[in-house]
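S.K.: Let me give you the structure first, and then I'll get to my questions.
If you want it as structure tokens, here you go:
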């Protein structure tokens, strides 16, 4: 009886210690070497980060993070360029072609984002719901997300949307109800055509679209200057 009580006490102690032991955080795998990136492209051509403007010459760019016109109010990118993985750019080509037939086009605000920039965003953002947590990384860091809007091809002007790009307001949500009929029509049209080509809107940002196959791509921390 005495032995059984001692054994039980020992097992309980082990269980308590196991519960109190801190769980080791899983270290993120981040591609931060250009040679490592090149090797990944060699093994799978879909890993290539394609420059969007070169692949789709008539697409418009407004790379806000290469300016001070962003929520950080500082220049985050040294170059005003936009990249995405090859399947994402292939999808954008099809979307742009379909839009052009209707007199519209895409304007890109952001594409691939180096991981180090995501860390900086998270430090400064007042509302963490609108920035990715570095503990998990962003789909932008994987080259599988784009921020964009619609423009009228004739005028070059943006179509009316519920909010400006990078707004932290509730009205930025993809299904926010209290918007004008024109803004709702344009927003829903953009969401529908992007979804048709496997680019899915983020719930709280009408301008943000994630490639449905994003899980197959690594986080990246290669600066634009090296691409």
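Numbering (mature numbering (1 follows the signal peptide of the UniProt record, and there is no 0)), first residue to last: -18 to -1, 1 to 209.
The C-beta atom is built at its ideal place from N, Cα and C for all residues, glycine as well.
Since the model is a prediction, treat every value here as computed from it, not as a measurement.
1) Hey, would you say residue 89 sits closer than 7 Å to residue 45, going by beta carbons?
2) Taking the alpha-carbon of residue 60 as reference, which of 99, 36 and 85 has the nearest alpha-carbon?
3) Just grab the DSSP bridge partners of residue 89 for me.
4) Determine whether the beta carbon atoms of residue 75 and residue 30 lie at a separation below 7 Å.
5) In the DSSP assignment, what are the bridge partners of residue 190?
6) Pick helix, strand or coil for residue 205, following the three-state DSSP scheme.
7) Using beta-carbon positions only, say whether residue 153 and residue 183 come within less than 7 Å of one another.
8) Does residue 176 come out as helix, strand or coil in the three-state DSSP assignment?
9) DSSP has residue 12 in a bridge; who is on the other side?
M.R.: Working from what's here:
1) no
2) 99
3) 42 and 131
4) no
5) 129
6) coil
7) no
8) helix
9) 201
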